[in-house]
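Asks:
Number of protein chains: 2
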Amino acid sequence: MKRISRASCEQLDCDDPLVGFRRNFKLGENLIYLDGNSLGPLPAAAAARALQVVEEEWGVDLIRSWNKNNWFQLPHIMGDKIARLIGAEPGEVVMTDSTGINLHKVLHAALGLRPDRRIILMEDGNFPTNNYVGQGVAALRSGGYQVQFADPEDLLDALSEDVAVLCLTHVHYRTGRIHDMDKITAAAQALGIIVVWDLCHSAGALPVNLNDCQVDFAVGCTYKYLNGGPGSPAYLFAARRHHGHALQPLAGWWGHDNPFALERDYRAAPGIKQMLTGTQPVLSLAVAETGIDMFLATDMNAVRRKSIALCDLFVRLVEQHCAGQGLQLISPRDSNMRGSQVSFDHDNGYAIMQALIDAEVIGDFRAPATLRFGFAPLYTRYVDVWDAVMRLQDILQSECWREARFQIRETVT
Amino acid sequence: MKRISRASCEQLDCDDPLVGFRRNFKLGENLIYLDGNSLGPLPAAAAARALQVVEEEWGVDLIRSWNKNNWFQLPHIMGDKIARLIGAEPGEVVMTDSTGINLHKVLHAALGLRPDRRIILMEDGNFPTNNYVGQGVAALRSGGYQVQFADPEDLLDALSEDVAVLCLTHVHYRTGRIHDMDKITAAAQALGIIVVWDLCHSAGALPVNLNDCQVDFAVGCTYKYLNGGPGSPAYLFAARRHHGHALQPLAGWWGHDNPFALERDYRAAPGIKQMLTGTQPVLSLAVAETGIDMFLATDMNAVRRKSIALCDLFVRLVEQHCAGQGLQLISPRDSNMRGSQVSFDHDNGYAIMQALIDAEVIGDFRAPATLRFGFAPLYTRYVDVWDAVMRLQDILQSECWREARFQIRETVT
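Protein chains in written order, with the numbering used here: chain A, 1 to 413; chain B, 1001 to 1413.
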């Protein structure tokens, strides 16, 4: 196999049809940011949008902005934009609240569609907050509800007519492994199971086609690949066929059929609006638009092609330049099975990641041993991959990560 | 009674110990903003704080901000600040999510403390979203839970040992009437009832002393009197004696005892942290600090004294200058019974409010007939009250509100 050089990476950047997007982000000159799968970087347009909302919409238009500047409609305006990235129709997605809150809504709504079943099935090793949500949902409903966990390899065998809801994360937070959404959804639905997908590590990283797969519900965040800003509100998809039937229980005036009539009793809105509860954080919601809009100007297939090329290049370079240093690939080697991240385990993973961050290569660490690197195609260059591996090689060969200061920091990122 | 003049209002402003706070807000020159009880105006420091969060914390520090800039701690940092305004202790308040979501959490937690009771008691005529939350909570729990409504005058008679939770709004959104928190809380608790207060129209408007009244739980918003910005996150108070016993069911990783251990199963955090669910909208949360910090530099008793003086002045001037024009005071005349707002009903209230807004006096309208005026002491001057009444007088006498363009707008503010 031909040896790769930095020059050949530069050539790949020259030939890259997405290369122009990088200038839409604010990124430090020497920084290699491989953590867009945790917090996407700052779009260049975000500061101006924040100032517009603060100084003009809030400062000048004040209360009138709820209508004049569409604040009331933001969950729907943004939801319809996100819908285009995940294969949904207008009116099937709202941007609101947090992923966790939205998952509570969706799981209750889904269980309501299968009143004779009691099991929520999840994947063992999933990002734990989804487990916590499922366990909270099960504990709140009387009648013996429970969360069951299946090994990812045994998922299809674990499906049965006792299962009410299957709730899976499309791309695994740790390994990046992709589930076959189409096949799993069909197999579950054939047994009458309602299927919920978490798209936190999918949307903006690869094409998602919820309606092609006939998915029932989905949730996801906007602050990772979609670059919406720290803790920007999440989104919720409910297939149109469930509107008016599957009601979420966190009732509030934003989900009322006519919020301004100030009726005494709750009357559920007929459409996706019912998935809303209360007043939304307008500033965070509005600023997120700058990140999401960038994806509407690109083609998710082109994004996916570059994502695969970046990840493949990283794996290949690490294996060429860091062989014998104790790194073990835990992501799928087959790019068709892998999202837009690559993870390696190492016994000293935490200290190595701290040394990398000090060397301005920002990835993240997930206990107990995982070094996680995200490759977001809109701003990551092929030379960034080269340079990141060179800095990793230096750190491993010099063993500078053994210095005490890397050992004592708190394990949080 | 001595006739008031604009000059005497100017003198009141000269003598006002709070007059200096007005320069901490961005307000239009000719604008009289009497809607801070719906959306507080822009603090002068908010734009710089928004830029700092966007350009420095997000743009430069990126993922490191979760620790470096205390993003993870913001719900607690802000909660502890709000605690000082509502008579709570550090560690009893978090700023998070929306008022509606927080009320869901709190009602479920409260019902969990009274497993043998089935009734949530609320006030008829309350802001409807609280009813909707209560009805959603009751519908989700099996076993015959229900929301009952009592007339405000009959509240104490409606208390009984069948009631699990009493949930009231401290200051009424429409009339501004204040409930006697101390007396009602004590009467309800004597019957074993858990007491939840909604402080949306109280915090920042008048002194609130939750722990003096031994309140169990409270919720409130930060975008009205606290000037936190459009849809800025809400807060939740849980008395320390309930920590670890009263668990909210919207479980998520932010409420886990050790979120970063990534344990498979939910283990509730022992303190107020359990009231959190998922990742918070950092930008909205951080910017809200500029509004809340202003109250920490003042004295709520001084705020209350000026609030009463402004409201009394408004009632007196309206009755002097707009007599016989069909306005009917629906707020309590006794200032001890009234929050920081004054409301009048008028058969043509909607059109009159539109004409007022066109004349740069911004109040709001609540169907079917209420003109609502909020008086926030940190930026409202006595001359503003005078000028507002003069403009109202002109509108009523000229009947300009009869022009068709005021009749056709949508009834939303």
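Glycine residues also receive a C-beta, built at the ideal position from the N, C-alpha and C atoms.
1) Between the alpha carbons of residue 1094(B) and residue 28(A), how many angstroms are there, rounded?
2) Taking only runs that begin and end inside the region 1077 to 1142 of chain B, name each unbroken alpha helix (DSSP H) of 4 or more residues, in chain order.
3) Please compile the residues from chain B whose C-beta is within a distance smaller than 9 Å of the C-beta of residue 249(A).
4) Tell me the DSSP secondary structure of residue 1152(B) in three-state form.
5) Assuming contact is defined by CB atoms lying nearer than 8 Å, are residue 376(A) and residue 235(A) in contact in what I supplied?
6) Could you check the C-alpha separation between residue 155(A) and residue 123(A) for me, to the nearest Å?
7) Only counting the same chain, and skipping five residues up and downstream in sequence, which positions put a Cβ closer than 7 Å to that of residue 33(A)?
8) With 7 Å as the limit, tell me which residues of the region 1271 to 1286 of chain B have their beta carbon closer than that to any beta carbon of chain A; keep them in chain order.
9) Residues of the region 211 to 235 of chain A in Cβ contact with chain B at a cutoff of 9 Å, in chain order, please.
10) Using only the alpha-carbon positions, how far apart do residue 1335(B) and residue 269(A) sit?
11) In the DSSP assignment, what residue or residues form a beta bridge with residue 1009(B)?
12) Is any beta-carbon of chain A found at less than 8 Å from that of residue 1398(B)?
13) Hey, quick one: how far does the alpha helix (DSSP H) through residue 45(A) stretch, first residue to last?
14) Of the choices 371(A), 276(A), 44(A), 54(A), whose alpha-carbon is the least far from that of residue 389(A)?
15) Give the residues from the region 1286 to 1320 of chain B that approach chain A closer than 7 Å (Cβ to any Cβ), ordered along the chain.
16) Show which residues of chain A have a CB atom less than 7 Å away from the CB atom of residue 1041(B).
17) How many Å lie between residue 323(A) and residue 214(A) at the Cα?
18) With residue 1254(B) and residue 1279(B) assumed to form a contact (beta carbons below 8 Å), what rounded beta-carbon distance in angstroms separates them?
19) Could you check what DSSP says for residue 379(A) in three-state terms: helix, strand or coil?
20) Taking all protein chains shown into account, decide if residue 230(A) is buried (16 or more other Cβ within 10 angstroms of its Cβ) or exposed.
21) Does the distance from the C-beta atom of residue 980(B) to that of residue 1331(B) stay below 8 Å?
22) Could you pull out every residue in the same chain whose Cβ sits closer than 6 Å to the Cβ of residue 416(A), ignoring the five residues on either side in sequence?
23) Excluding the five sequence neighbours on either side, which residues of its own chain have a C-beta within less than 6 Å of the C-beta of residue 171(A), listed in chain order?
24) Using a Cβ-Cβ distance under 8 Å, would residue 374(A) count as near chain B?
25) In chain order, what residues of the same chain have a beta carbon less than 8 Å from the beta carbon of residue 267(A), not counting five sequence neighbours either side?
26) Pull up the CB-CB distance for residue 1328(B) and residue 1312(B), whole angstroms please, since I reckon it's below 8 Å.
27) Does any CB atom of chain B fall closer than 8 Å to the CB of residue 51(A)?
28) Exposed or buried, what is residue 1191(B) when buried is set at 16 or more other beta-carbons lying within 10 Å of its beta-carbon?
29) The region 1005 to 1028 of chain B: which residues have C-beta closer than 8 Å to a C-beta of chain C, in chain order?
30) For the 8 Å Cβ check, are there 3 or more pairs between the region 346 to 360 of chain A and the region 1008 to 1015 of chain B?
31) Can you tell me the Cβ-Cβ gap for residue 104(A) and residue 133(A), rounded? I've got them flagged as a contact below 8 Å.
32) State yes or no: is the beta carbon of residue 123(A) nearer than 8 Å to at least one beta carbon in chain B?
33) Are the beta-carbon atoms of residue 294(A) and residue 72(A) separated by less than 8 Å?
34) Would DSSP call residue 1034(B) helix, strand or coil?
35) Confirm, please, whether the CB-CB distance from residue 1084(B) to residue 1296(B) is below 8 Å.
36) Contact between the region 192 to 199 of chain A and the region 161 to 175 of chain A is defined here as three or more beta-carbon pairs at a separation below 8 Å; is this criterion met?
Replies: Let me spell this out:
1) On the second sequence, position 94 is the one that residue 1094(B) refers to. On the first sequence, position 28 is the one that residue 28(A) refers to. Distance between the alpha carbons of residue 1094(B) and residue 28(A) is about 34 Å.
2) Within the region 1077 to 1142 of chain B, the complete alpha helix (DSSP H) runs of at least 4 residues are 1099 to 1113, 1128 to 1140.
3) On the first sequence, position 249 is the one that residue 249(A) refers to. Going along chain B in sequence order, the residues near residue 249(A) (Cβ under 9 Å) are 1104, 1136, 1137, 1139, 1140.
4) As a working mapping, residue 1152(B) is identified with position 152 in the second sequence. In the structure shown, the three-state DSSP call for residue 1152(B) is helix.
5) Taking the first sequence and counting its residues from 1, one reaches residue 376(A) at position 376. Taking the first sequence and counting its residues from 1, one reaches residue 235(A) at position 235. Cβ distance not < 8 Å, so residue 376(A) and residue 235(A) don't count as in contact.
6) For the purposes of this step, residue 155(A) is taken as residue 155 along the first sequence, with counting starting at 1. For the purposes of this step, residue 123(A) is taken as residue 123 along the first sequence, with counting starting at 1. Residue 155(A) and residue 123(A): Cα-Cα distance of roughly 7 Å.
7) Residue 33(A) sits at position 33 when you count from the first residue of the first sequence. Its chain contains 27, 41, 362 as the residues whose beta carbon lies nearer than 7 Å to that of residue 33(A), once the 5 sequence neighbours on both sides are disregarded; these appear in chain order.
8) For the region 1271 to 1286 of chain B, the beta-carbon criterion of a distance under 7 Å to any beta-carbon of chain A is satisfied by 1277, 1278, 1279, 1280, 1281, 1282, 1283, 1284.
9) Of all residues in the region 211 to 235 of chain A, 221, 223, 229, 230, 231, 232, 233, 234 have a Cβ within less than 9 Å of some Cβ in chain B.
10) Along the second sequence, read from residue 1 onward, the residue named residue 1335(B) stands at position 335. Along the first sequence, read from residue 1 onward, the residue named residue 269(A) stands at position 269. Straight-line spacing of the CA atoms in residue 1335(B) and residue 269(A) works out to 39 Å.
11) Counted from its first residue, the second sequence places residue 1009(B) at position 9. Bridge pairing for residue 1009(B): absent [DSSP].
12) Taking the first residue of the second sequence as position 1, residue 1398(B) is located at position 398. Judged by the 8 Å Cβ criterion, residue 1398(B) is not in contact with chain A.
13) Locating residue 45(A) in the first sequence gives position 45, where the first residue counts as 1. Judged by DSSP secondary structure, residue 45(A) falls outside any alpha helix (DSSP H); it is assigned neither H nor E.
14) The residue you call residue 389(A) lines up with position 389 of the first sequence. The shortest Cα separation from residue 389(A) among 371(A), 276(A), 44(A), 54(A) belongs to 371(A).
15) From the region 1286 to 1320 of chain B, only 1287 have a Cβ closer than 7 Å to chain A.
16) The residue given as residue 1041(B) occupies position 41 in the second sequence. Result: 62.
17) Against the first sequence, residue 323(A) aligns to sequence position 323. Against the first sequence, residue 214(A) aligns to sequence position 214. Residue 323(A) and residue 214(A) have their C-alpha atoms roughly 44 Å apart.
18) Along the second sequence, one-based indexing puts residue 1254(B) at 254. Along the second sequence, one-based indexing puts residue 1279(B) at 279. That pair is a contact at about 7 Å.
19) Start at 1 with the first residue of the first sequence, and residue 379(A) comes out as number 379. If DSSP states are grouped into helix, strand and coil, residue 379(A) belongs with coil.
20) On the first sequence, position 230 is the one that residue 230(A) refers to. Buried.
21) Residue 980(B) lies beyond the range of chain B shown here (1001 to 1413); nothing can be said about it.
22) In the structure as shown, chain A begins at 1 and stops at 413. Residue 416(A) is therefore absent and cannot be evaluated.
23) Reading the first sequence from its first residue, position 171 is the one you call residue 171(A). Answer for residue 171(A): 178, 201, 202, 339, listed in chain order.
24) Position 374 of the first sequence, counting from 1, holds the residue named residue 374(A). Not closer than 8 Å to any Cβ of chain B, the Cβ of residue 374(A) fails to qualify, so no.
25) Within the first sequence, numbered from 1, the residue matching residue 267(A) stands at position 267. These residues qualify, in order along the chain: 256, 257, 258.
26) Numbered from 1 along the second sequence, position 328 holds the residue referred to as residue 1328(B). Numbered from 1 along the second sequence, position 312 holds the residue referred to as residue 1312(B). Contact annotation, residue 1328(B) with residue 1312(B): C-beta distance approximately 18 Å; criterion of less than 8 Å not satisfied.
27) By 1-based counting over the first sequence, the position of residue 51(A) is 51. So, interface residue.
28) Against the second sequence, residue 1191(B) aligns to sequence position 191. Residue 1191(B) is exposed by the Cβ-count criterion.
29) In the structure shown, chain C does not exist; the protein chains are A and B.
30) Because the criterion of three Cβ pairs below 8 Å is not met, the region 346 to 360 of chain A and the region 1008 to 1015 of chain B do not touch.
31) Looking up residue 104(A) in the first sequence gives position 104. Looking up residue 133(A) in the first sequence gives position 133. Between residue 104(A) and residue 133(A), the beta carbon gap of about 6 Å places them in contact (Cβ cut-off 8 Å).
32) For the purposes of this step, residue 123(A) is taken as the residue at position 123 of the first sequence. False, the Cβ-Cβ gap to chain B never drops below 8 Å.
33) The count along the first sequence starts at 1 and reaches residue 294(A) at position 294. The count along the first sequence starts at 1 and reaches residue 72(A) at position 72. Not closer than 8 Å, so no.
34) Mapped onto the second sequence, residue 1034(B) falls at position 34. The answer is coil: DSSP assigns residue 1034(B) none of H, G, I, E or B.
35) Residue mapping note: residue 1296(B) aligns to position 296 of the second sequence, counting from 1. Residue mapping note: residue 1084(B) aligns to position 84 of the second sequence, counting from 1. The answer is yes: Cβ separation under 8 Å.
36) Contact holds: three or more Cβ-Cβ distances are below 8 Å.
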